[in-house]
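>
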Amino acid sequence: QEKSSRLSAALFGEDCEISPEQLYELLKYAALGKCHNATQPSWCRIYRQSHLAGVVVIVLHEMSQLHFYKFYLQFKHLRKVFRHRFTLTPSANFLANLYGEQANLKSQNTAQGLTSTGSECAPKSSNLKCDPIIQKYGDKKQGLTSYTLTLEEQKKNDYPIKGSPECKGYIYTECDQQRTDNSPLFGLDCEMCLTAKGNEVTRVSLVDAEGQCLLNELVKPESTVVNYCTRFSGITKKMLLPVKTKLSDIQTRLKKMLPHDAVLVGHSLNSDLQALEMIHPSVIDTSLLFARNGGRRFKLKFLAKAVLGKEIQCEQKLGHDPAEDARAALELAQFFIEEGPAKVAELNLEMLLTAEKLAEISQNNAALQRCRVQKQLNEPPRLSKPCFLDCLQVTGQKPLLLGRQELDSSGLCQSNPSTSNKQILQRALEDVPLSTFSIIQFNLGPEYTASHPLAELRGKVRSKLTDMLTIYAGPFEESFCLKSVQKEFGRCGPIQSLTVVTETYQPYVCIQYEVLEGAQLAVESLNGAEVAGSCIKVQRPVTAAMLDCDVLIKELELDIENEGVIYVAGLKKSLAETDLQEEFSQLKDLETLFLPKDCQSGKHRNCCFLKFQKPQSAAHALELINGWTVKGSKLRSRNALAAGHLWRWIRLMNHSSGRQGGNILHENMEQLSDSEQNLRKKVKKLDHHIKKLYRSLQNNTLCVVLFPGLN
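Each number in our numbering corresponds to the 1-based position in the sequence shown with 190 added.
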């Protein structure tokens with residue numbers, strides 16, 4: 191569900207099943223867009239992808255489509271907010287492909303010489319030619335102008351560009367003087383917080399070529415602050431209370447301070463300039479300067495330590511120091527210019543990064559990881575298929591993974607089974623706004639799977655669905671015409687089975703429909719009617735599970751996914767789809783006609799679903815259709831109850847188990863066990879967590895909720 195919806199999915203009826211590959215298409219394009227050669231998904235479309243604030247995937251472990259409908263009433267928020275729902279085809283490695291397995295050692299583009307240690311780690315000169323830094327800049331020293339980003343590079347990396355429609359209202363520094371290799375360098379870094387407007391600057395630092403701090407100023411955001419991001423920015427509400435400086439003041443000061451031939455240096459400087467709403471023509475971006483294969487980027491913290499021997503962004507400090515980060519980026523650029531590409535390539539940064547990751551793994555999980563590290567050191571690197579988060583990190587993004595598995599500071603997936611759902615939610619509320627791609631994992635817990643076997647749950651859900659699809663009609667005369675009954679009730683929808691109940695004083699008929707709408711239409715239109723010469727009563731089975739049936743039917747009818755959809759029954763099977771299209775063409779705002787078909791014969795049923803662009807048009811069509819006669823057949827209609835994926839799923843459940851008439855009139859009324867009540871409460875709490883997290887998201891955030899099941 192995309193807040194301020196720009197996701198269009200034209201799937202209805204039987205088309206509502208998607209594969210993991212199709213889901214990856216959606217996530218990939220949403221996260222990367224055209225700038226990383228991602229293409230629009232084949233089955234749906236995202237409009238204005240560049241306006242997406244982020245992507246959030248919520249995983250509900252141990253839960254499947256079965257659980258969603260078992261606890262349909264408890265998932266109050268989920269079913270009222272998320273408009274698009276799809277059955278995901280089974281995939282044994284789905285989650286592993288999404289975010290990797292525990293302690294998955296990334297092997298993409300692993301540095302050469304991994305089998306060596308100590309002084310042997312230095313790469314041979316012949317290997318330098320393959321280094322991405324040498325391939326990009328050559329091995330000769332060059333002046334600083336060789337390392338400034340070209341206009342095309344700036345466009346590709348989302349820098350504010352003069353004259354661009356997206357940068358309307360941005361301030362131009364007017365530093366138009368031609369750059370030389372003697373032009374002055376300035377380091378720039380900003381800290382941001384999340385406001386109702388988006389990311390806004392809260393602190394700006396500017397340092398000169400000598401490392402002297404020229405500007406280190408707190409800034410008052412224009413909009414209401416949603417999240418101060420204190421963990422990263424170091425900014426608190428108390429710090430900003432006395433601040434009067436506005437963004438416009440900072441823009442004016444920077445414009446005055448920068449010489450006309452100034453070159454700005456920063457790490458991922460595009461985000462700083464975007465937040466400052468300023469355009470500067472000449473920049474050096476250290477995240478791109480220290481080139482890596484596949485478009486990946488080194489973190490500033492790692493580069494400062496590996497190249498300069500400096501520790502920055504220490505965990506003991508509250509948030510980052512923008513002056514420290516600006517100075518580090520500036521010194522990195524100066525080192526690169528002074529030493530040249532060959533010297534930088536000889537540092538073998540990929541090798542150092544791999545060694546650092548291996549060292550961290552060894553510390554975190556010494557016994558298990560020592561064997562794995564040794565194997566990694568003694569064997570050539572193995573190229574395995576990267577998971578989705580690997581692919582994101584390749585592009586320089588910093589994905590967030592919270593819950594059962596989490597990413598450590600090195601970007602490796604680690605197991606974290608003890609974290610509670612409440613703790614995960616609290617961290618998500620703080621960290622999700624800082625990431626463009628987040629995976630948040632909630633779970634029911636191992637005690638649930640032990641006390642509620644899947645087969646038992648499936649049996650309960652199947653039994654309830656069968657009860658909802660079943661009606662009892664009667665009493666009839668002893669010599670009633672069963673064919674007449676079948677014909678009359680068949681006008682409400684396709685019948686799965688019809689049996690006569692003989693245990694009663696007068697005969698009754700047990701009818702099981704294929705669709706929920708058929709059973710409900712029979713209850714609404716034929717209760718009290720005269721059928722086969724008898725005035726009959728039509729009712730559903732009286733069982734403990736059916737006591738909340740009326741509430742469930744009402745909620746299904748109000749489900750956001752059924753908005754603007756009506757069910758029409760009584761169609762002649764001889765009618766072709768083109769006949770129906772022509773017949774219903776006069777209905778205003780008709781968007782889709784879905785004609786269910788028999789799985790075995792391929793023939794269409796005697797019912798259809800009509801989807802309208804507006805709910806009002808659907809309500810108006812409902813009034814018109816009831817009583818219509820099409821080719822001699824009188825139509826009956828009502829609001830839809832079962833969305834396409836539910837309709838398909840019910841049909842599969844029915845084919846796997848049928849109902850025998852006469853066995854369901856009497857069922858012992860048992861109280862819910864404590865574990866069942868606790869489970870419902872837990873599901874309700876999960877729904878509340880999703881509601882809280884969803885409400886905290888920025889507008890234009892694509893949010894996907896996955897029910898991956900137990901296996």
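Don't be surprised by glycine CBs; every beta carbon is placed ideally from N, CA and C.
Bear in mind the structure is a predicted one, so any value in this text is a computation, not a measurement.
Mapping the DSSP letters down to three states, classify K358 as helix, strand or coil.
Reduced to three states, the DSSP call for K358 is coil.
> State buried or exposed for C206, treating a residue as buried only when at least 16 other CB atoms are found within 10 Å of its CB.
Buried, since its Cβ has 16 or more Cβ neighbours within 10 Å.
> From what residue to what residue does the beta strand (DSSP E) around D917 run?
In the structure displayed, the chain extends from 191 to 901; residue 917 sits before or after that span and is not available.
> Within 10 Å of its beta-carbon, does G760 have 16 or more other beta-carbons around it, so buried, or fewer, so exposed?
The residue in question, G760, is buried, as its Cβ has 16 or more Cβ neighbours within 10 Å.
> Taking 7 Å as the limit between beta carbons, can you name the residues of its chain near S209, skipping five residues before and five after?
Counting only Cβ-Cβ distances below 7 Å, and skipping sequence neighbours, we find T279.
> Counting C-beta neighbours from all protein chains within 10 Å, is the total for Y237 16 or more, i.e. buried, or is it exposed?
Exposed.
> Mark E707 as exposed unless 16 or more other C-beta atoms lie within 10 angstroms of its C-beta, in which case mark it buried.
It is buried - the Cβ of E707 has at least 16 other Cβ atoms within 10 Å.
> Taking A481 and K326 to be in contact with their CB atoms under 8 Å, please state how far apart those CB atoms are, rounded to whole angstroms.
Rounded, the Cβ-Cβ distance is 5 Å, consistent with contact.
> Which term fits L478, buried or exposed, when burial requires 16 or more other beta carbons within 10 angstroms of its beta carbon?
L478 should be labelled buried.
> Using 10 angstroms around the beta-carbon of C671, count the other beta-carbons present and answer buried if the total reaches 16, otherwise exposed.
So C671 counts as exposed.
> Do you know how far the Cα of P350 is from the Cα of E364?
Rounded to whole angstroms, E364 to P350 spans 14 Å at the Cα level.
> Short of 8 Å in beta carbon distance, which residues of its chain neighbour Y698, apart from the five on each side in sequence? Order them along the chain.
Cβ neighbours of Y698 beyond the five flanking positions: Y662, A663, G664, P665, F666, V690 and V691.
> With a 10 Å radius around its C-beta and 16 neighbouring C-beta atoms as the bar for buried, classify V249 as buried or exposed.
It counts as buried.
> So with Cβ pairs under 8 Å, would you call Q771 a contact of chain B?
Here chain B cannot be found, since the structure has a single protein chain.
> If distances are taken between C-alpha atoms only, which option among G424, R443, L520 and E400 comes closest to S458?
Among G424, R443, L520 and E400, the Cα nearest to that of S458 belongs to L520.
> What does a CB cutoff of less than 7 Å around E751 pick up in its chain, not counting 5 residues either side in sequence?
Answer for E751: R273, R275 and A833, listed in chain order.
> Pick out whichever of V895, L644, V741 and L448 has its Cα sitting closest to the Cα of M658.
M658 has its Cα closest to that of V741, out of V895, L644, V741 and L448.
> With contact counted as at least three CB pairs below 8 Å, one residue from each stretch, are the segment 491-506 and the segment 342-361 in contact?
No, the segment 491-506 is not in contact with the segment 342-361.
> Answer yes or no: do H267 and F897 have a C-beta to C-beta separation smaller than 8 Å?
Going by C-beta atoms, H267 is not nearer than 8 Å to F897.
> For L216, I'd like the list of residues in its chain whose CB is within less than 7 Å of its CB, leaving aside the five on either flank, ordered along the chain.
Same-chain partners within the cutoff: P231 and C234.
> Find the nearest neighbour of L655 within the set H810, V705, L543 and P684, judged by alpha-carbon distance.
It is V705 whose Cα lies nearest to the Cα of L655.
> What's the C-alpha gap between A709 and M736?
Rounded to whole angstroms, A709 to M736 spans 14 Å at the Cα level.
> Compute the Euclidean distance between the alpha carbons of K821 and V758, then round it to the nearest angstrom.
Roughly 15 Å between the two C-alpha positions.
> Exposed or buried, Y219, counting other C-beta atoms within 10 Å across all chains shown (16 or more means buried)?
Burial call: buried.
> In chain order, which alpha helix (DSSP H) runs of at least 4 residues are fully inside the segment 445-510?
The qualifying runs are 459-466, 476-479 and 490-493.
> Give the DSSP-derived three-state secondary structure of K352 in the structure shown.
Three-state DSSP puts K352 in coil, outside helix and strand.
> Please report the residue range of the beta strand (DSSP E) in which Q616 lies.
Taken as a continuous stretch (DSSP letters only), Q616 belongs to no beta strand (DSSP E), being part of the alpha helix (DSSP H) at N611 to D621.
> Could you please give me the residues that DSSP links to Y703 through a beta bridge?
I685.
> Mind reading off the beta-carbon distance from E714 to R828? Whole number of angstroms is fine, and I expect it under 8 Å.
Confirmed, about 7 Å.
> For E693, is the classification buried or exposed, using 16 other Cβ atoms within 10 angstroms of its Cβ as the cut-off for buried?
Flag for E693 reads exposed.
> So within the segment 774-806, which uninterrupted beta strand (DSSP E) runs reach at least 3 residues, ignoring any that extend past its ends?
You should have 780-784 and 797-802.
> Taking just the CA atoms, how far does L887 sit from G388?
Approximately 10 Å, taken between the alpha carbons.
> By Cβ distance below 8 Å, which residues in the same chain neighbour R885 in space, the five residues on each side in sequence not counted?
Once the five neighbours on either side are set aside, R885 has no close Cβ partner at all.
> Residues bridged to T660 by DSSP?
T660 is bridged to Q702.
> Please list, in chain order, all residues of the same chain as A301 whose beta carbon is under 7 Å from its beta carbon, the five residues on each side excluded.
Confidence is the limiting factor: at A301 the pLDDT is only 29, short of 50, which leaves the residue's position unreliable and the question unanswerable from this model.
> Give me the residue from V894, G899 and N890 with the minimum Cα distance to L242.
Minimum Cα distance to L242 is reached at N890.
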